[in-house]
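A.B. asks: Heads up: the sequence shown begins at 6 in my numbering, then just goes up one per residue. Every residue gets a Cβ at the ideal spot worked out from N, C-alpha and C, and that includes glycine. Note that the coordinates shown come from a computational prediction; the quantities given were computed from them, not determined experimentally. Have a look at the structure that comes next, please.
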Amino acid sequence: VLRSWIRSGQTVALLGSSGVGKSTIINGLKGSLDQETGAIRESDSKGRHTTTSRSLHCLPGGGLLLDNPGMRELQIVDSEEGIKATFSDIDALAKRCRFRDCQHTTEPGCAVVAAINSGRLEQRRLDNYHSLLSEEARNSQSLAEQRHSDRALGRFYKTALKTSRQFKSRD
Ligand SMILES: Nc1nc2c(ncn2[C@@H]2O[C@H](COP(=O)(O)OP(=O)(O)OP(=O)(O)O)[C@@H](O)[C@H]2O)c(=O)[nH]1
Ligand SMILES: [Mg+2]
Ligand SMILES: [Zn+2]
Numbered sequence: 006v007l008r009s010w011i012r013s014g015q016t017v018a019l020l021g022s023s024g025v026g027k028s029t030i031i032n033g034l035k036g037s038l039d040q041e042t043g044a045i046r047e048s049d050s051k052g053r054h055t056t057t058s059r060s061l062h063c064l065p066g067g068g069l070l071l072d073n074p075g076m077r078e079l080q081i082v083d084s085e086e087g088i089k090a091t092f093s094d095i096d097a098l099a100k101r102c103r104f105r106d107c108q109h110t111t112e113p114g115c116a117v118v119a120a121i122n123s124g125r126l127e128q129r130r131l132d133n134y135h136s137l138l139s140e141e142a143r144n145s146q147s148l149a150e151q152r153h154s155d156r157a158l159g160r161f162y163k164t165a166l167k168t169s170r171q172f173k174s175r176d
């Protein structure tokens with residue numbers, strides 16, 4: 006079934022938690038045992054991070070497969086628009102809330118909460134929307150902080166290099 010999704014000129018990446026069988030699929034499609042695979046831990050059924058680096062594989066008959074190490078977690082950033090598009094029903098309702106910055110929690114005149122109360126919207130869906138948005142905000146913020154400190158470190162290296170060159174040219 007999978008083979009028909011991988012054609013000449015395409016590169017397909019395998020992503021997923023450790024132990025789900027990414028490398029096993031590659032070996033199966035390649036008809037080889039090139040990729041090492043590892044049994045999952047009996048106690049908690051978790052994978053053991055057998056694959057530790059990325060590698061590209063040519064399939065006989067065309068197509069490339071990319072094996073990846075198992076992911077511990079997938080973080081989402083810069084996806085506010087994507088989330089709003091996925092939850093376009095909530096976004097449409099939100100346009101009718103009394104307050105433009107309504108958080109759809111306890112505000113009066115909230116069209117989203119009204120939709121939940123009348124059974125037109127599932128509470129679970131609103132909860133998912135809220136938790137994805139807050140995860141997105143958290144990740145984007147920590148990414149911005151990380152970039153800021155990377156830049157500060159870069160400036161420090163530059164100054165240190167310049168100072169040491171000045172010292173050297175003196176003697
Ligand atoms: N029963 C069964 N076992 C499978 C299947 N696919 C993979 N396995 C087994 O699951 C274990 C993990 O497979 P891997 O291919 O090493 O998993 P992986 O996703 O590459 O794992 P990492 O490299 O750790 O990220 C191995 O013991 C495989 O033999 C399957 O379809 N059925
Ligand atoms: Mg693997
Ligand atoms: Zn609202």
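Where do the N-terminal and C-terminal ends of the beta strand (DSSP E) with residue 139 fall, by residue?
C.D. replies: Mapped onto the sequence shown, residue 139 falls at position 134. Careful: residue 139 lies outside any beta strand (DSSP E), inside the alpha helix (DSSP H) at 128-175.
A.B. asks: To the nearest angstrom, how far is the alpha carbon of residue 124 from that of residue 96?
C.D. replies: Locating residue 124 in the sequence shown gives position 119, counting from the first residue. Locating residue 96 in the sequence shown gives position 91, counting from the first residue. When rounded, the distance between both Cα atoms is 17 Å.
A.B. asks: Could you tell me which of 61, 56 and 151 sits nearest to residue 22, measuring between CA atoms?
C.D. replies: Stepping through the sequence shown from its first residue, residue 22 is reached at position 17. Cα-wise, what sits closest to residue 22 is 56.
A.B. asks: Verify the contact flag: residue 102, CB atom, against every heavy atom of ligand 3, threshold strictly below 7 Å.
C.D. replies: Within the sequence shown, residue 102 is the residue found at index 97, counting from 1. Yes, the beta carbon of residue 102 sits closer than 7 Å to at least one heavy atom of ligand 3.
A.B. asks: Does the distance between the C-beta of residue 112 and the nearest non-hydrogen atom of ligand 3 fall short of 7 Å?
C.D. replies: Translated into positions along the sequence shown, residue 112 becomes position 107. At least one heavy atom of ligand 3 is nearer than 7 Å to the Cβ of residue 112, so yes.
A.B. asks: Please report the straight-line C-alpha distance between residue 172 and residue 159, rounded to a whole angstrom.
C.D. replies: Here residue 172 refers to the residue found at position 167 of the sequence shown. Here residue 159 refers to the residue found at position 154 of the sequence shown. Distance between the alpha carbons of residue 172 and residue 159 is about 20 Å.
A.B. asks: By a C-beta neighbour count over all protein chains shown, 10 Å radius and 16 as the cutoff for buried, is residue 232 buried or exposed?
C.D. replies: No information on residue 232 is available, as it lies outside the stretch 6 to 176 that the chain covers here.
A.B. asks: In whole angstroms, what separates the C-alpha of residue 167 from that of residue 143?
C.D. replies: To locate residue 167, count along the sequence shown from 1; it is residue 162. To locate residue 143, count along the sequence shown from 1; it is residue 138. Rounded to the nearest angstrom, the two C-alpha atoms are 36 Å apart.
A.B. asks: For the beta strand (DSSP E) containing residue 16, list its first residue and its last residue.
C.D. replies: Counting from one through the sequence shown, the residue named residue 16 turns up at place 11. Residue 16 -> beta strand (DSSP E) spans 16-18.
A.B. asks: Figure out for me which residue from 43, 64, 46 and 53 has the closest Cα to the Cα of residue 31.
C.D. replies: Residue numbering aside, residue 31 sits at position 26 when the sequence shown is read from its first letter. Taking only the C-alpha atoms, the option nearest residue 31 is 64.
A.B. asks: Where in the stretch 82-125 do unbroken runs of the beta strand (DSSP E), each at least 3 residues long, occur, reported from the N-terminal end onward?
C.D. replies: Here no run is fully enclosed.
A.B. asks: Could you name the residues whose beta carbon sits closer than 5 Å to any heavy atom belonging to ligand 1, keeping them in chain order?
C.D. replies: Listed along the chain, these residues meet the criterion: 23, 24, 25, 26, 27, 28, 29, 42, 43, 44, 52, 54, 55, 56 and 75.
A.B. asks: Can you tell me whether residue 134 is buried or exposed, with buried defined as 16 or more other CB within 10 angstroms of its CB?
C.D. replies: For the purposes of this step, residue 134 is taken as the residue at position 129 of the sequence shown. Buried, since its Cβ has 16 or more Cβ neighbours within 10 Å.
A.B. asks: Between the Cα of residue 49 and the Cα atoms of 24, 29 and 38, which residue gives the shortest distance?
C.D. replies: Here residue 49 corresponds to residue number 44 of the sequence shown, with the count starting at 1. Taking only the C-alpha atoms, the option nearest residue 49 is 24.
A.B. asks: Taking DSSP as the reference, what is the three-state secondary structure of residue 9?
C.D. replies: On the sequence shown, residue 9 is found 4 positions in, with the first residue counted as 1. Residue 9: helix per DSSP, three-state reduction.
A.B. asks: Could you name the residues of the same chain whose beta carbon sits closer than 6 Å to that of residue 15, not counting the 5 residues immediately before and after it, in chain order?
C.D. replies: Position 10 of the sequence shown, counted from the start, is the residue given in the question as residue 15. Closer than 6 Å at the Cβ level, and outside the excluded window around residue 15, lie 68.
A.B. asks: Checking the sheet assignment: what are the DSSP bridge partners for residue 70?
C.D. replies: On the sequence shown, residue 70 is found 65 positions in, with the first residue counted as 1. BP columns for residue 70 point to 17 and 62.
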